[in-house]
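Comments concern the structure below.
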Amino acid sequence: MVVDRILAPSADADGRLAEDGRLVGHALRRLVAGDLAGLFDGPSTVEFDPSLPMISLDLSRVTENSTLISVLMTCSSAWMESALLDPNGGQRWVIYDEAWRLMSHPALLRRMDAHWRLARHYGIANMLIFHKLTDLDNVGDQGSAMRSLANSLLANAETRIVYRQESDQLGPTATALGLTGTEQQLLPNLGVGQGLWRIKARSFVCQHQLHPDELALFDTSSRAAGGHR
Numbered sequence: 001m002v003v004d005r006i007l008a009p010s011a012d013a014d015g016r017l018a019e020d021g022r023l024v025g026h027a028l029r030r031l032v033a034g035d036l037a038g039l040f041d042g043p044s045t046v047e048f049d050p051s052l053p054m055i056s057l058d059l060s061r062v063t064e065n066s067t068l069i070s071v072l073m074t075c076s077s078a079w080m081e082s083a084l085l086d087p088n089g090g091q092r093w094v095i096y097d098e099a100w101r102l103m104s105h106p107a108l109l110r111r112m113d114a115h116w117r118l119a120r121h122y123g124i125a126n127m128l129i130f131h132k133l134t135d136l137d138n139v140g141d142q143g144s145a146m147r148s149l150a151n152s153l154l155a156n157a158e159t160r161i162v163y164r165q166e167s168d169q170l171g172p173t174a175t176a177l178g179l180t181g182t183e184q185q186l187l188p189n190l191g192v193g194q195g196l197w198r199i200k201a202r203s204f205v206c207q208h209q210l211h212p213d214e215l216a217l218f219d220t221s222s223r224a225a226g227g228h229r
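Mapping to full-length UniProt numbering: the sequence shown position 99 is 99, numbers consecutive.
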């Protein structure tokens, strides 16, 4: 087994091979014999098909395990990048829901930053989704490089869509997005499906209409409303 060979390598003169491999070996052992066993040490149960019109990675069952999220996203990002590097792959949306959760992992945040910088080269448009912008306070410490990098991704967004916000979120949202006083006053009064669109220096209030097929896929409130989708 690879892990056994790393943890107990052939003898070398200064012992450097054993020392250098120890951290790697213990990390990999978690994937084959520890708390992450069975998730990555066998054939995939899902076939990655880049020709599909949409691919969704559901992390809802592992949200409490930050290590697992990091490893899952590392693997899925490798899948995604293999598709993005295909010159015949066309143009794609890359959407990060609950984006702050992924941003809290330094390696994933740096990878997201690379996707932003190479968006035209890859032919992609990136979308970040937050419940509230104060969720960014969970990314690194105040003044840290991680917080600055996360804020720069938000600052580089040319299109911002804001739905109804509670009163305690109005100030932070207005500050983060540079909203005018009028735009800020609109936020607590927006109805269901209404959003304030900021496209560079222009703003619009839009009513979003979903096709029934879209509603069946993306309605996240049906259970609270007593539905059985």
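Ideal placement from N, C-alpha and C gives every residue a C-beta, glycine not left out.
Within the present structure, is the beta-carbon of L186 separated from the nearest heavy atom of the ligand FAD by less than 6 Å?
The ligand FAD is absent from the structure shown, which contains no ligands of any kind.
According to DSSP, simplified to helix, strand and coil, what is A119?
helix
Return helix, strand or coil for V205, following the three-state DSSP convention.
strand
If L187 and R164 are in contact, beta carbons under 8 Å, what's the gap, nearest whole angstrom?
6 Å
Alpha carbon to alpha carbon, how far is G21 from S10?
12 Å
Are L57 and S76 closer than 7 Å when you measure CB to CB?
A Cβ-Cβ contact shorter than 7 Å links L57 with S76.
Would you mind working out which of A83, S44, W116, L31 sits nearest I55, comparing C-alpha positions?
Of the candidates A83, S44, W116, L31, the one whose C-alpha sits nearest the C-alpha of I55 is A83.
Among A18, L52, S70, which has the Cα closest to the Cα of F40?
S70
Taking the alpha-carbon positions, what's the L153 to A8 distance?
43 Å
Alpha carbon to alpha carbon, how far is H211 from L133? Give it in angstroms, no decimals.
28 Å
Strictly by DSSP, which residues pair up with Y96?
L128
I'd like the ranges of any alpha helix (DSSP H) spanning at least 4 consecutive residues and lying wholly in the segment 138-203.
145-155, 167-177, 181-186
Just checking my contact of residue 245 with I129 at CB under 8 Å: how many whole Å lie between their CB atoms?
Absent from the model: residue 245. The displayed extent of the chain is 1 to 229, so no value can be given.
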